Amino acid sequence: MNIIFVEKWKSQVKKGTLTFIVLNVLRDKEFYGYEFIEELKKLTQIEIAEGTFYPLMNRLKKEGLVTSKWVEQESGIPRKYFTLTETGKETLETMQTYWADLASSIKKISQ
Amino acid sequence: MKIKEIQFKETASQRIYRSYMKRIEITVSSLSKSDQQDVLLEFNSHIYEGLARKTNKHETDHLIDLLEKLGEPEEVLKPLIADKKLEQATRTFNPVHLFKAIALNIGNGISYVVFGILYICLFGFVILIYFKLKNPDQVGLYFKDDSFMLLGKLNSEYMKNPNVTEILGNWFIPTLVAITLIAYLILTLLLKFKRSINKH
Numbered sequence: 031m032n033i034i035f036v037e038k039w040k041s042q043v044k045k046g047t048l049t050f051i052v053l054n055v056l057r058d059k060e061f062y063g064y065e066f067i068e069e070l071k072k073l074t075q076i077e078i079a080e081g082t083f084y085p086l087m088n089r090l091k092k093e094g095l096v097t098s099k100w101v102e103q104e105s106g107i108p109r110k111y112f113t114l115t116e117t118g119k120e121t122l123e124t125m126q127t128y129w130a131d132l133a134s135s136i137k138k139i140s141q
Numbered sequence: 332m333k334i335k336e337i338q339f340k341e342t343a344s345q346r347i348y349r350s351y352m353k354r355i356e357i358t359v360s361s362l363s364k365s366d367q368q369d370v371l372l373e374f375n376s377h378i379y380e381g382l383a384r385k386t387n388k389h390e391t392d393h394l395i396d397l398l399e400k401l402g403e404p405e406e407v408l409k410p411l412i413a414d415k416k417l418e419q420a421t422r423t424f425n426p427v428h429l430f431k432a433i434a435l436n437i438g439n440g441i442s443y444v445v446f447g448i449l450y451i452c453l454f455g456f457v458i459l460i461y462f463k464l465k466n467p468d469q470v471g472l473y474f475k476d477d478s479f480m481l482l483g484k485l486n487s488e489y490m491k492n493p494n495v496t497e498i499l500g501n502w503f504i505p506t507l508v509a510i511t512l513i514a515y516l517i518l519t520l521l522l523k524f525k526r527s528i529n530k531h
């Protein structure tokens, strides 16, 4: 087996599916940045360079898939909460359908 | 919203934190005030929330771990700055923003290289205006036997050729200024258009 090839492939897959994963995590609940990254680690064992999360969210916001709001805290250091927009939810559904189709095709050919 | 500084027990931690925040500040300094503030607030909140999680680690170690996981601000913020800069540039039509934005986005696709080259060509017109002012007799739009020959500086040997005539005269600078402005406007609108296509 070519380990280096597999590792490269894995990192490409992760990169390509990161938005899909992020949107899925945000589907049912709103999160603030640090909490989101914890949740992502818990659910998927994916560790991203945490700082890249914020540029990614900015891009999703610009695409109209996500909104955010600052919520003041007692500590005086506010949290920014991210939620899916209606467009985000609809987009995610379409992505999920595509993903399911792709997964079943791959299953067929890899059997 | 004001950015509240996180307080540490150890001076070492405080200094590491301050220097990290300073690096973010420098990295985002080309963005608008509100975007700068937003990024700083986000990272500050991330650090604060991370530190609030229970750990057996020493404060300074905990902070260093957190910052390492966040990554180098100069690196992780690159895509954000490239995005925001382009947004700002096509909104304001400011040439300084435009050049910065194009330079930041060159890595994002061949089309930005093409835009870069076109803007540089445009800059050539501006240089031509400068040469006309310095050298009014030798710079112009030249025709030879009624067909286009040259836009630029004429060789001295052609100067004596009676078939070669400069046709714009005193209109050379106003015409070039007008063409430059119109081309700049069209090019920037195209860039804006390209971005909106990318979005959809």
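Going down the list, the protein sequences come from chains U and B. The first sequence begins at 31 in the numbering used here and counts up by one. The second sequence begins at 332 in the numbering used here and counts up by one. Idealized CB from N, CA, C, for every residue including glycine. Model, not experiment: these values are computed from the prediction.
For this session: Could you work out which residues of chain U lie near Asp-468 (chain B), taking near to mean beta carbons separated by less than 7 Å?
Result: Against the second sequence, residue 468 (chain B) aligns to sequence position 137. Those do not exist, as Asp-468 (chain B) stays about 53 Å from chain U at its closest Cβ, beyond 7 Å.
For this session: Note down, in chain order, every chain U residue with its Cβ under 8 Å from the Cβ of Tyr-379 (chain B).
Result: If you number the second sequence from 1, residue 379 (chain B) lands on position 48. Simply Ser-105 and Ile-107.
Problem set entry | Boundaries of the beta strand (DSSP E) in which Val-359 (chain B) is found, first to last residue | Reading the second sequence from its first residue, position 28 is the one you call residue 359 (chain B). No beta strand (DSSP E) contains Val-359 (chain B), which DSSP labels as neither H nor E.
For this session: Mind listing the chain B neighbours of Glu-69 (chain U)? Cutoff is C-beta to C-beta under 9 Å, in chain order.
Result: In the first sequence, the residue the question calls residue 69 (chain U) occupies position 39. None at all; the shortest Cβ gap to chain B is about 13 Å.
Exercise. Quick one: is Lys-303 (chain B) near chain U, going by C-beta distance under 8 Å?
Worked result: No statement about residue 303 (chain B) is possible, as the shown extent of chain B runs from 332 to 531 and does not include it.
Exercise. Beta-carbon of Tyr-64 (chain U) versus every beta-carbon of chain B: anything under 8 Å?
Worked result: In the first sequence, residue 64 (chain U) corresponds to position 34, counting from 1. Output row for Tyr-64 (chain U): interface = yes.
Problem set entry | Three-way DSSP call (helix, strand, coil) for Thr-496 (chain B) in this model | Here residue 496 (chain B) refers to the residue found at position 165 when the second sequence is read from its first residue. The answer is strand: DSSP assigns Thr-496 (chain B) an E or B state.
Exercise. Is any beta-carbon of chain B found at less than 8 Å from that of Asn-32 (chain U)?
Worked result: The count along the first sequence starts at 1 and reaches residue 32 (chain U) at position 2. Output row for Asn-32 (chain U): interface = no.
Exercise. Which residues, taken in chain order from the segment 390–407 of chain B, show a beta carbon closer than 9 Å to some beta carbon of chain U?
Worked result: Leu-397, Lys-400, Leu-401, Gly-402, Glu-403, Pro-404, Glu-406 and Val-407
Problem set entry | Supposed close pair Ser-361 (chain B), Ile-412 (chain B) - CB separation, criterion 8 Å | Position 30 of the second sequence holds residue 361 (chain B). Position 81 of the second sequence holds residue 412 (chain B). Yes, Ser-361 (chain B) and Ile-412 (chain B) are in contact; Cβ-Cβ is about 7 Å, under 8 Å.
Exercise. Under the three-state reduction of DSSP, which class applies to Ser-478 (chain B): helix, strand or coil?
Worked result: For the purposes of this step, residue 478 (chain B) is taken as residue 147 along the second sequence, with counting starting at 1. Strand.
For this session: May I ask you to verify whether the segment 368–382 of chain B touches the segment 44–58 of chain U, counting CB pairs closer than 8 Å and requiring at least 3?
Result: no
Exercise. With contact counted as at least three CB pairs below 8 Å, one residue from each stretch, are the segment 404–418 of chain B and the segment 80–87 of chain U in contact?
Worked result: yes
Problem set entry | Against chain B: residues of the segment 106–134 of chain U by CB proximity under 9 Å | Gly-106, Ile-107, Pro-108, Arg-109 and Lys-110
Problem set entry | Contact list for Glu-80 (chain U) against chain B, beta-carbon separation under 9 Å | Along the first sequence, one-based indexing puts residue 80 (chain U) at 50. The answer, in chain order, is His-377, Gly-381, Leu-397, Lys-400, Leu-401, Gly-402 and Val-407.
Exercise. How big is the Cα-Cα spacing for Lys-92 (chain U) and Val-101 (chain U)?
Worked result: For this step, residue 92 (chain U) is matched to residue 62 along the first sequence. For this step, residue 101 (chain U) is matched to residue 71 along the first sequence. The alpha-carbon atoms of Lys-92 (chain U) and Val-101 (chain U) are separated by roughly 20 Å.
Problem set entry | DSSP beta-bridge partners of Leu-472 (chain B) | Reading the second sequence from its first residue, position 141 is the one you call residue 472 (chain B). Looking at the DSSP assignment, Leu-472 (chain B) forms a beta bridge with B:Leu-482.
Exercise. Does any residue of chain B bring its CB to less than 8 Å from the CB of Asn-88 (chain U)?
Worked result: As a first step, residue 88 (chain U) is located in the first sequence; it is residue number 58 there, counting from the start. So, interface residue.
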